[in-house]
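Asks: Just so we're aligned, residue 59 is where the sequence shown starts under this note's numbering, counting upward by one.
All C-beta atoms in this analysis are idealised placements derived from N, C-alpha and C, irrespective of residue type, glycine included.
Because the structure is a prediction, the values reported are computed rather than measured.
Please read through the structure below; I'll follow up with questions.
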Amino acid sequence: MASMDVSLKEMMAIDGATGAVVVDYNSGMALGALGGSKDFDLQIAAAGNTEVVKAKLRTMESLGLKAAIEDILITLTDQYHIIRPITGRGGKGLFLYLALDRGRANLALARHSLRGIEEKLEV
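Next comes the structure, spelled out in structure tokens:
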């Protein structure tokens, strides 16, 4: 099991990572964050992506879908944003958010790495 600080450091070690956050989607608050910049506020990203997760969960409920969200991918012209709900014990209501520089990142490898980090995270 890994602590939140260790998990955030592992997320930032993924090639192309520019920001990593553990978010409570009930409140929209970042519980921990690394990276970001003056032009990329991770607190704002955490709050905004909370709305993405809530909208997807509402839609799935309306459709009667029983599957769990593995991850949500947002592809921008110069970035990838990966949202991964935490499924382990104690992780209900939390998600990992990882922003990647598209020119330096390997999306498949980043998704694989994020899955492993999520599985080890102890909240």
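Over the uninterrupted beta strand (DSSP E) stretch that includes methionine 87, give me the two end residues.
Replies: Position 29 of the sequence shown, counting from 1, holds the residue named residue 87. From DSSP, the beta strand (DSSP E) with methionine 87 extends over 87-93.
Asks: Hey, how far is the Cα of alanine 125 from the Cα of arginine 116?
Replies: Sequence index remark: in the sequence shown, residue 125 carries index 67 (1-based). Sequence index remark: in the sequence shown, residue 116 carries index 58 (1-based). Approximately 13 Å between the Cα atoms of the pair.
Asks: Please report how far the alpha carbon of isoleucine 127 lies from the alpha carbon of glutamate 119, in whole angstroms.
Replies: As a working note, residue 127 is residue 69 in the sequence shown. As a working note, residue 119 is residue 61 in the sequence shown. The alpha-carbon atoms of isoleucine 127 and glutamate 119 are separated by roughly 12 Å.
Asks: Look at the alpha carbon of serine 85 and the alpha carbon of alanine 168, and state the distance between them as a whole number of angstroms.
Replies: The count along the sequence shown starts at 1 and reaches residue 85 at position 27. The count along the sequence shown starts at 1 and reaches residue 168 at position 110. So the two alpha carbons sit approximately 26 Å from each other.
Asks: Would you mind stating whether tyrosine 155 and alanine 103 have Cβ atoms separated by less than 8 Å?
Replies: Residue 155 sits at position 97 when you count from the first residue of the sequence shown. Residue 103 sits at position 45 when you count from the first residue of the sequence shown. Yes, these two residues count as a Cβ contact at 8 Å.
Asks: Contact defined as beta carbons within less than 8 Å: I believe glutamate 176 pairs with isoleucine 144. What is the distance between those atoms, to the nearest angstrom?
Replies: Residue mapping note: residue 176 aligns to position 118 of the sequence shown, counting from 1. Residue mapping note: residue 144 aligns to position 86 of the sequence shown, counting from 1. At roughly 6 Å, the Cβ-Cβ gap stays under 8 Å, so glutamate 176 and isoleucine 144 are in contact.
Asks: Does the Cβ of glutamate 174 have 16 or more other Cβ atoms within 10 Å, making it buried, or fewer, making it exposed?
Replies: For the purposes of this step, residue 174 is identified with residue 116 of the sequence shown, where counting begins at 1. A quick correction: the sequence has glycine, not glutamate, at residue 174. Result: exposed.
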